[in-house]
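Read through the structure below, which is laid out as structure tokens, and then see the notes.
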Amino acid sequence: IVDIAYDRAIVPAASYQDCGVEDARISRAGDRWLMTACSVSAERLGTSLYSSADGRDWTLEGLILDHQNKDMLIFEGQIGGHYWAQTRPLGETWFAYPPDSEYRAGPSINLASSPDALHWRPRAEPGIRPHSATVSTARMGGGTPPVLVEDGWLTLWHGVAPGGDVGIYRTYWSILDAKEPWRVVRTDHAALLEPMPELPAALTDRAYLSHVVFTTGIADAGDDWLVASGEADLACRMSRIPKARFA
Numbered sequence: 001i002v003d004i005a006y007d008r009a010i011v012p013a014a015s016y017q018d019c020g021v022e023d024a025r026i027s028r029a030g031d032r033w034l035m036t037a038c039s040v041s042a043e044r045l046g047t048s049l050y051s052s053a054d055g056r057d058w059t060l061e062g063l064i065l066d067h068q069n070k071d072m073l074i075f076e077g078q079i080g081g082h083y084w085a086q087t088r089p090l091g092e093t094w095f096a097y098p099p100d101s102e103y104r105a106g107p108s109i110n111l112a113s114s115p116d117a118l119h120w121r122p123r124a125e126p127g128i129r130p131h132s133a134t135v136s137t138a139r140m141g142g143g144t145p146p147v148l149v150e151d152g153w154l155t156l157w158h159g160v161a162p163g164g165d166v167g168i169y170r171t172y173w174s175i176l177d178a179k180e181p182w183r184v185v186r187t188d189h190a191a192l193l194e195p196m197p198e199l200p201a202a203l204t205d206r207a208y209l210s211h212v213v214f215t216t217g218i219a220d221a222g223d224d225w226l227v228a229s230g231e232a233d234l235a236c237r238m239s240r241i242p243k244a245r246f247a
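Residue 1 is where the sequence shown starts when you use our numbering, and the numbers rise one by one after that.
So this is what it looks like as structure tokens:
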């Protein structure tokens, strides 16, 4: 840790953020830093964009996704001259796949593209869908902004299994094709990170949920990836994961 800038905290600045700003994800895209965050209010639940030239001073650009579309992650690099992002719209109705399909009905990680990071077009191609071989896909959503590696875009995402108050959150990973990110090159149906209830054990008197690891950040640390996660909304968890794990 080089610096902790508490004096630069991102705080609600618009009526659509009356109830808070949460689940921020930061991407380095070209010469700018881009941060997406979920803005919450009685008016709506959507995704806001912040931009920065130095990663320290941030400007609120406004809402870019509405209608409970959250868990938005901007790819760290462009594809075909456009920004790309993973999104996760919510809903109450899901149509079932055929009985012999490898996929399950439910929320999935969708894709969108943009010429300027402000105006986003949903892509017709499906993204990462709930797979029958993965236990935790009752609900799923993006985790870390996709980063470009040798085989494509490495993305960490969360999957939720039934249990407890909000379900059991685990972190999974996939590699997406470098030019066609709707194509999953490789994935692992076993969890990459499991919840560790012992980490926030000293704060159990303040707990309102459990068995949740919610991953949102990734940084290159040489032979490893340094992965940042929230643990049960009580603690920050840092994990070193060898890059060979994704080979």
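Glycine included, every Cβ here is placed at the ideal spot set by N, Cα and C.
Beta strand (DSSP E) segments (min. 3 residues) lying fully within the region 167-219: 168-176 and 184-187
- request: Give, in chain order, every unbroken run of the alpha helix (DSSP H) that is at least 4 residues long and sits entirely within the region 123-155.
  value: none
task: Counting only the same chain and skipping the five closest in sequence on each side, list residues whose C-beta sits under 8 Å from that of Ile-74.
output: Arg-25, Ser-27, Ala-29, Leu-34, Thr-36, Tyr-83, Trp-84, Ala-85, Ala-117 and Pro-145
- request: List the endpoints of the continuous beta strand (DSSP E) containing Lys-243.
  value: It is not in any beta strand (DSSP E) - Lys-243 carries neither H nor E in the DSSP assignment.
message: Using DSSP's beta-bridge definition, name the partner residues of Met-35.
response: Ile-26 and Tyr-50
- request: Output the distance between the C-alpha atoms of Ala-53 and Gly-163, rounded to the nearest integer angstrom.
  value: 42 Å
field: Under the three-state DSSP convention, the category Ser-15 falls into
entry: helix
message: Ignoring anything shorter than 3 residues, give me the beta strand (DSSP E) runs that lie fully in the region 56-120, in order along the chain.
response: 59-65, 69-74, 83-89 and 110-114
query: How long is the line joining the alpha carbons of Leu-148 and Gly-81, rounded to whole angstroms?
result: 15 Å
- request: With DSSP as the reference, please indicate the residues paired to Val-40 in a beta bridge.
  value: Gly-20 and Leu-45
- prompt: Hey, out of Glu-180, Gly-91, Gly-143 and Arg-123, whose CA is closest to Asp-23's CA?
  reply: Gly-143
Which residues DSSP lists as bridging Leu-226, in chain order: Ala-219 and Arg-240
query: Using a Cβ-Cβ cut-off of 7 Å (strictly less than) and excluding sequence neighbours within five positions of Phe-95, which residues of its own chain qualify?
result: Ala-105
task: Please confirm whether any heavy atom of the ligand FMN lies closer than 7 Å to the CB of Ile-1.
output: Because no ligand of any kind appears in the structure shown, any question about the ligand FMN cannot be addressed here.
Backbone CA spacing between Val-135 and His-189 [nearest angstrom]: 8 Å
query: Among Ala-221, Val-40 and Leu-226, which has the Cα closest to the Cα of Gln-68?
result: Val-40
- prompt: When you compare only the Cα positions, how much space is there between Arg-123 and Thr-204?
  reply: 42 Å
query: How big is the Cα-Cα spacing for Gly-217 and Gly-55?
result: 14 Å
- prompt: What residue from Ser-15, Gln-78, Lys-70 and Ser-51 has the CA that sits closest to Glu-43's CA?
  reply: Ser-15
- prompt: Apart from the five residues just before and just after Ile-79, which ones in its own chain have a Cβ nearer than 7 Å to its Cβ?
  reply: Lys-179 and Pro-181
message: Judging by CA-CA distance, which residue of Thr-59, Asp-233 and Leu-192 is the nearest neighbour of Arg-206?
response: Asp-233
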